[in-house]
Each structure stands twice: as structure tokens, then as C-alpha cells.
Ligand SMILES: Cc1cc2nc3c(=O)[nH]c(=O)nc-3n(C[C@H](O)[C@H](O)[C@H](O)COP(=O)(O)OP(=O)(O)OC[C@H]3O[C@@H](n4cnc5c(N)ncnc54)[C@H](O)[C@@H]3O)c2cc1C
């Protein structure tokens, strides 16, 4: 009998295990994951950016936990000798119509208590000589880490403190009783007093297994990256972002200096027909049927049809993808970038077609479900865990 079982050994599950152990060192704790290793899905397929929290609604969980999480991630890397580069990012307006949006982001940064500054065209050129921009914002707190390395260290610490992590245990059934909860995988049945669902792309299904309708469905959006050929690395010094579309903040190809010295270009965002499918051709019948029969998806599709089609076309055309990226760096040519890895975002969508913006948790009798933890949840992972413990586990 465990005190707490956490489903999902991504950064949110591991962050939650870490926070539980910090507050309640004597808990018997188990983290279950269906894959061979930790951080196999979103936590291991992302941009590796430590976000600052600049974009998010003041007072939201995203704004607060990203800001705290930003400091926590750097501290953790420093303490454990892990890679980090506190290099800062620029958000660049390339067209006149973007200047007012850029100003809004700047004001939001100030409201969120961040140190942000405006960069003139000349100042931007000094930092990023190849970037075409009218004006920019400098966000010094943004940086780069290696999230899989952080997840591996966190898993090691959790186990050293006595927690168990069982991989290759795919949860198939959950039974909640008045005083305990039973979690059944293909091989075993586990018992615990409490359950936390941090299953990312599968979190709505895990909640359903426990008997809860979260009122939203996870819709997968694949993000495809290109890698800049190394002889073109000089085109990108730091992190270079476009002004985001306020309706689709995760759209907008950016340039990221990576921990391995490479420069990623991307990601885009296209509807994926497999929740954990990383190739364009990946398709899962159950996932596809669920997407195509979900009202929320059709509502988004009708509202944002042109954006959706443009993203799909860029996904299939190297030339169109490059054209999009050239808005920031006009010198970029199609032959300068090579197709790279991909990730799949777990975005909760309501039946009304609303992309759930903030982190969202649903409570059951003996279970707690993290139903929406999109970006910046890697940055905020330690703090999401602490928030869950503060809100729901104070009385353990
Ligand atoms: C393309 C992309 C770029 C991103 N860039 C950034 C960024 O730069 N910075 C940032 O802060 N955030 C970024 N994010 C967001 C961030 O990666 C995620 O928000 C975060 O990793 C979510 O962590 P998680 O633990 O909730 O999910 P995951 O990492 O997906 O973990 C969920 C785990 O649950 C397990 N699981 C699922 N079902 C079961 C089951 N039935 N039984 C057992 N285990 C199960 C899975 O195997 C998985 O390991 C990005 C995301 C994507 C996709």
C-alpha cells in the first residue's frame, strides 16, 4: 500500500513527487509510467526553453508558476551541475501592425513583475545582426536547459529519498474506494490512499478511467522542428521569437540556441492524428476518431480555418516553412535547414472550442487530475508540484 501514486513520469509527475517528498518526507510514493524511461513524451520533446512568464494573464497560475519556476529551474541546474544558459530572448515585431501587440506584451511583462526592456532596431541588430525587426523586447530571464537531463536527475533524487518509479507499467484501470484507490496496469495491481494523474497527452483518459469527466478533451498538436545547418549558426545568437498571435500563442516559428550547440527552428503546430505520434504519417484510429467526432475541434476548425490550412501547408512544404522563418531572418535559405525532431502538445479543448489557457486541475474523491499542463509546464514543473501539494495535500 502506497500513500500516493502518481501516473506519469514527465516533468509534472516528477515535479509533484519531488514536492510531496519535500513537504511529507515519510510518504510512501510511487510514480508509474508506461514507457521504458522517464520524460519520453512532452517533457523529452520540447524546445528546452526556460520561459519567463511574460505572455500570461497576470494572476493566472501560468504567470505565477512560470515566474517562480524560472528561478527554480536555474537553481536546480546550478545545484546539480546540469547544463543551463541564462541567455535571454528577443521578441521581435517585423511589421508595423505588430507594434501595438509588442507594446501589450511589454506592458504584460511589467505587470507580471518581470525585468523587460525595449530594444530599438539598432539595439536589436547589435544582439542579433541577422534579424529583421522594427522593434523588439528583451526578456533577460528566458534561457535554455536540457529538460530530459533535468527529468533524469529528478528521478534519481526521488528514488534516493525512497520513492519508487516503475516504468513500463501502463495504467489500464482505476477503482476509487472510500478509503483507498486501486490502480491496475497490464502486469500488476497497486493500492494507494491517493492518486495524482499527470499523464499529459493521456490525462483526460486517465481521469475517465477513474470515473471523472473533466469537461474537456486533450487535442494533440504536433510541432515540427528544423535544425539550422551548423555553418549557419552565426545567424542566431540567442532565442529569437516573433510576436505571438493572441488567439494561438503557441503558433509562430522561433529560433532557439540549444544545449548541444545546434539551433532549432520551429516548431509549427498542426493537428495530430496520433496523441503520441511524432511523424507526419502517424495515425491512430482511436485518436483520430475522437478528434474528428469532437465538437470542440470542429468549432476551432471553423474559427481558425485559414491559420490551420497555412500551418498544414508549411508542414508539408520545406519552402513555405522557410518563408515563414525568413520573416525573422531574411538571409535564411531552404538549404540552410534540415528537418529535425518533433513534439506533440497536449492541449485541453472544451466542447465550445475554447483552448483552455491556464493550468487546470480537477479533484476526485481520492484523486487529483492535472487536465491541462501545456507550455510553460516544463519551466513551471517544480512549482506546479508545489502548488498541487499546497492546495490539495496539506492535510496528509
Ligand atoms: C513541441 C513542444 C515544445 C515545448 N516547448 C516548451 C518549452 O520550451 N518550455 C516549456 O516550459 N514547455 C514547453 N513545452 C511544454 C512542456 O513540454 C509540457 O507542458 C510538459 O513537458 C508537460 O509535462 P507532463 O509531465 O505533464 O507531460 P509528459 O511529459 O507528456 O508526461 C506524461 C507521462 O504520462 C505517461 N503516461 C501517459 N499515459 C499513461 C498510462 N496509461 N500509464 C502510465 N503512464 C502514462 C506518459 O508516458 C508520459 O511519460 C513544449 C511542448 C511541446 C510539445
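Residue numbers (UniProt numbering): 1 to 396. We put the beta carbon where it would ideally sit given N, CA and C, even for glycine.
Just to check my reading of the structure: residue 344 and residue 386 have Cβ atoms closer than 8 Å, yes? What is that Cβ distance to the nearest angstrom? In the chain shown, counting from the first residue as 1, residue 344 sits at position 344. In the chain shown, counting from the first residue as 1, residue 386 sits at position 386. The Cβ separation is near 26 Å, so there is no contact.
Determine the direct distance from the alpha carbon of residue 70 to that of residue 52, and round the result to whole angstroms. Numbered from its first residue, the chain shown carries residue 52 at position 52. Numbered from its first residue, the chain shown carries residue 70 at position 70. If you take the alpha carbons of residue 52 and residue 70, they lie about 6 Å apart.
Cutting at 8 Å between CB atoms, please list the residues of its own chain near residue 118, excluding the five before and the five after it. Stepping through the chain shown from its first residue, residue 118 is reached at position 118. For residue 118, where only same-chain residues beyond five positions count, the Cβ hits under 8 Å are 106, 135, 136, 137 and 138.
How would you write the range of the alpha helix (DSSP H) that residue 66 sits in, first residue to last? Against the chain shown, residue 66 aligns to sequence position 66. Residue 66 -> alpha helix (DSSP H) spans 61–80.
May I ask whether a heavy atom of ligand 1 can be found less than 7 Å away from the beta carbon of residue 377? Numbered from 1 along the chain shown, position 377 holds the residue referred to as residue 377. Yes, the Cβ of residue 377 comes within 7 Å of a heavy atom of ligand 1.
As a quick exercise: from 359, 355 and 172, pick the residue whose alpha carbon is nearest that of residue 187. Looking up residue 187 in the chain shown gives position 187. If you compare the alpha carbons of 359, 355 and 172 with that of residue 187, the shortest gap goes to 172.
With respect to 7 Å, is the separation between the Cβ of residue 425 and the closest non-hydrogen atom of ligand 1 below this value? Residue 425 lies beyond the stretch modelled for the chain, which goes from 1 to 396, so this question has no answer here.
Distance, Cα to Cα, residue 353 vs residue 214? Within the chain shown, residue 353 is the residue found at index 353, counting from 1. Within the chain shown, residue 214 is the residue found at index 214, counting from 1. Taken atom to atom, the span from the alpha-carbon of residue 353 to that of residue 214 is near 15 Å.
Cβ pair residue 29, residue 19 closer than 8 Å: For this step, residue 29 is matched to residue 29 along the chain shown. For this step, residue 19 is matched to residue 19 along the chain shown. Going by C-beta atoms, residue 29 is not nearer than 8 Å to residue 19.
State buried or exposed for residue 369, treating a residue as buried only when at least 16 other CB atoms are found within 10 Å of its CB. Counting from 1 along the chain shown, the entry for residue 369 is found at position 369. Result: buried.
Determine whether the beta carbon atoms of residue 2 and residue 329 lie at a separation below 8 Å. Mapped onto the chain shown, residue 2 falls at position 2. Mapped onto the chain shown, residue 329 falls at position 329. Inclusion of residue 2 and residue 329 in the CB contact set at 8 Å is not warranted, their separation being larger than that value.
Grab the span of the beta strand (DSSP E) containing residue 144 for me, first residue to last. As a first step, residue 144 must be located in the chain shown, where it is residue number 144. Going by DSSP, residue 144 is part of the beta strand (DSSP E) stretching over 143–145.
Per DSSP, what kind of secondary structure is residue 326 in: helix, strand or coil? Taking the first residue of the chain shown as position 1, residue 326 is located at position 326. In the three-state DSSP reduction, residue 326 falls in the coil class, being neither helix nor strand.
Heavy atom of ligand 1 less than 7 Å from the Cβ of residue 198, yes or no? Numbered from its first residue, the chain shown carries residue 198 at position 198. At least one heavy atom of ligand 1 is nearer than 7 Å to the Cβ of residue 198, so yes.
Alpha carbon to alpha carbon, how far is residue 109 from residue 208? Give it in angstroms, no decimals. Counting from 1 along the chain shown, the entry for residue 208 is found at position 208. Counting from 1 along the chain shown, the entry for residue 109 is found at position 109. Straight-line Cα distance between these residues: approximately 37 Å.
Please tell me whether residue 259 and residue 90 are closer than 8 Å, where the distance is taken between their beta carbons. Position 259 of the chain shown, counting from 1, holds the residue named residue 259. Position 90 of the chain shown, counting from 1, holds the residue named residue 90. It is not a contact, given that the beta carbons lie outside the stated cut-off.
Within the present structure, is the beta-carbon of residue 40 separated from the nearest heavy atom of ligand 3 by less than 7 Å? As far as ligands go, the structure on display features ligand 1 and does not contain ligand 3.
Which ranges would you report for the alpha helix (DSSP H) in the stretch 133–221 if only whole runs of at least 4 residues count? Listed in chain order, the complete alpha helix (DSSP H) runs (minimum 4 residues) inside the stretch 133–221 are 147–160 and 203–209.
Using a 10 Å radius around the Cβ and a threshold of 16 neighbouring Cβ atoms, would you call residue 321 buried or exposed? The residue given as residue 321 occupies position 321 in the chain shown. Buried: at least 16 other Cβ atoms inside 10 Å.
Could you check the C-alpha separation between residue 254 and residue 58 for me, to the nearest Å? For the purposes of this step, residue 254 is taken as residue 254 along the chain shown, with counting starting at 1. For the purposes of this step, residue 58 is taken as residue 58 along the chain shown, with counting starting at 1. Straight-line measurement puts the Cα of residue 58 at about 24 Å from the Cα of residue 254.
Across which residues does DSSP place residue 417 in a beta bridge pair? The structure shown does not extend to residue 417, since the chain spans only 1 to 396, so no value can be given for it.
How long is the line joining the alpha carbons of residue 43 and residue 35, rounded to whole angstroms? Taking the chain shown and counting its residues from 1, the one referred to as residue 43 is at position 43. Taking the chain shown and counting its residues from 1, the one referred to as residue 35 is at position 35. Between the alpha carbons of residue 43 and residue 35 lies a distance of about 13 Å.
Using alpha carbons as the reference points, say which of 7, 132 and 384 lies closest to residue 194. In the chain shown, the residue the question calls residue 194 occupies position 194. Minimum Cα-Cα distance from residue 194 among the listed residues 7, 132 and 384 corresponds to 7.
Do residue 372 and residue 348 have their CB atoms nearer than 8 Å? Sequence index remark: in the chain shown, residue 372 carries index 372 (1-based). Sequence index remark: in the chain shown, residue 348 carries index 348 (1-based). Using a Cβ distance threshold of 8 Å, residue 372 and residue 348 count as a contacting pair.
Hey, would you say the C-beta of residue 260 is under 7 Å away from at least one heavy atom of ligand 1? By 1-based counting over the chain shown, the position of residue 260 is 260. Not so, every heavy atom of ligand 1 lies at least 7 Å from the Cβ.
Measuring from the CB of residue 52, is there a heavy atom of ligand 1 at a distance below 7 Å? The residue given as residue 52 occupies position 52 in the chain shown. Outside the cutoff, so no.
Suppose you measure from the CA of residue 191 to the CA of residue 381; what does that come to, to the nearest Å? By 1-based counting over the chain shown, the position of residue 191 is 191. By 1-based counting over the chain shown, the position of residue 381 is 381. Computed Cα separation, rounded: 26 Å.
With a threshold of 16 other CB atoms inside 10 Å of the CB of residue 339, please say whether the residue is buried or exposed. Here residue 339 refers to the residue found at position 339 when the chain shown is read from its first residue. By the neighbour-count criterion, in which a residue is buried when 16 or more other Cβ atoms sit within 10 angstroms of its Cβ, residue 339 is exposed.
Is it right to say residue 394 is buried, meaning 16 or more other beta carbons lie within 10 angstroms of its own, or is it exposed? Mapped onto the chain shown, residue 394 falls at position 394. The residue in question, residue 394, is exposed, as its Cβ has fewer than 16 Cβ neighbours within 10 Å.
Residue 283 classed as buried or exposed, judged by whether at least 16 other C-beta atoms fall within 10 angstroms: Position 283 of the chain shown, counted from the start, is the residue given in the question as residue 283. Answer is exposed; the Cβ neighbour count stays below 16.
Taking 8 Å as the cut-off, decide whether the C-beta atoms of residue 160 and residue 49 are in contact. Taking the chain shown and counting its residues from 1, the one referred to as residue 160 is at position 160. Taking the chain shown and counting its residues from 1, the one referred to as residue 49 is at position 49. The answer is no: Cβ separation not under 8 Å.
Hey, residue 264 and residue 256: beta-carbon distance below 8 Å or not? For the purposes of this step, residue 264 is taken as the residue at position 264 of the chain shown. For the purposes of this step, residue 256 is taken as the residue at position 256 of the chain shown. A contact, by the Cβ cut-off of 8 Å.
May I ask you to check if the CB of residue 345 is nearer than 7 Å to at least one heavy atom of ligand 1? For the purposes of this step, residue 345 is taken as the residue at position 345 of the chain shown. Yes; taking the cut-off as 7 Å, the Cβ of residue 345 has a heavy atom of ligand 1 nearer than that.
Rounded straight-line distance, which links the Cα of residue 24 to that of residue 273: What you label residue 273 is simply residue 273 of the chain shown in a count that begins at 1. What you label residue 24 is simply residue 24 of the chain shown in a count that begins at 1. Using only the alpha carbons, I get a separation of about 41 Å.
Apart from the five residues on each side of it in sequence, which residues of its chain come closer than 6 Å, Cβ to Cβ, to residue 229? As a first step, residue 229 is located in the chain shown; it is residue number 229 there, counting from the start. Excluding sequence positions up to five before and after residue 229, its CB lies within less than 6 Å of the CB of 336, all in the same chain and listed in chain order.
To the nearest angstrom, how far is it from the Cα of residue 15 to the Cα of residue 383? For the purposes of this step, residue 15 is taken as the residue at position 15 of the chain shown. For the purposes of this step, residue 383 is taken as the residue at position 383 of the chain shown. Going by C-alpha positions, residue 15 is about 7 Å away from residue 383.
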